[in-house]
Amino acid sequence: MAFARGKYAKAISDRSGMEFPYREMVKEWNGSLVHKSEYESRHPQDEAKHYSVEGHGLRHAKPARTENTVVTILGPNPFETISAGSGILNVFEKSHGRDTSDTVRFRGPIWTSSDSDAYQNPVGFDGITGANLAYSSGYSITVGKRDSSGTITNTDDYYHFTVNTNTATSGGISGGGNNCSAGPATLEA
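Numbering-wise, the working numbering puts 32 at position 32 of the sequence shown, and it's gapless, one number per residue.
See the structure below:
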């Protein structure tokens with residue numbers, strides 16, 4: 001069988017479908033016959049080496065650390081009574097990130113003279129004793145600031161709890177002193 005040759009031979013491009021001189025046609029890596037202006041070389045990623053295993057181990061790998069829970073220092077006078085005769089206290093802790101039913105233990109400032117690892121009680125106020133605020137088992141909290149009518153607002157910066165034995169004498173009073181902290185019922189070193 002004879003094939004066309006010479007300057008009058010024409011070919012149809014597999015890419016564009018246009019007619020071009022046969023001498024200007026080239027064959028691509030995928031077998032397509034295209035004009036030299038349409039030619040595309042094979043992408044380097046098509047020839048990348050493939051590994052038989054999924055991942056590679058690290059030589060000196062270490063497991064993820066588990067951080068111990070620590071106390072958070074509260075601002076001055078972070079506790080606020082709601083109303084007279086109520087044992088519910090609001091606590092201001094900026095961006096606390098706590099959830100309802102979390103157990104939180106409140107502590108006063110750290111002793112500076114006798115035992116550097118011990119905490120003082122918060123300062124008592126409005127009929128609530130500092131020892132009651134520093135209840136060793138902690139308190140189960142509810143997220144949000146509660147008012148005397150029971151409405152809860154500002155869940156980002158406030159939470160509230162009910163003290164065990166004391167009730168407020170006046171209500172609407174802030175207290176607790178400076179350098180109070182909120183944290184877990186037990187601290188681990």
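Backbone N, C-alpha and C define an ideal beta-carbon position, used for all residues, glycine too.
If you keep only unbroken alpha helix (DSSP H) runs of at least 4 residues inside the segment 75-149, you get 130-133. Setting aside the 5 residues that flank it on each side, Thr129 is surrounded in the same chain by Asn166, each with a C-beta closer than 7 Å to its C-beta; the list follows chain order. Minimum Cα-Cα distance from Ala118 among the listed residues Phe125, Ala134, Ser83 corresponds to Ala134. The C-beta distance from Pro21 to Lys10 rounds to 7 Å, short enough to meet the 8 Å contact threshold.
In the structure shown, the three-state DSSP call for Tyr8 is coil. DSSP, reduced to helix, strand and coil, places Glu38 outside both helices and strands of the structure shown, so it counts as coil.
For Ser101, the closest alpha carbon among the candidates Gly85, Arg59, Pro63, Gly144 is that of Gly144. Ranked by Cα distance from Gly177, the first of Phe106, Ala48, Gly183, Asp14 is Phe106. Counting only the Cα atoms, Ser140 lies some 11 Å from Asn164. The closest CA to that of Ile12, considering only Val34, Thr142, Gly75, is found on Val34. When the five nearest sequence neighbours on each side are left out, the beta carbons in the same chain lying within less than 6 Å of the beta carbon of Lys27 are those of Leu33, in order along the chain.
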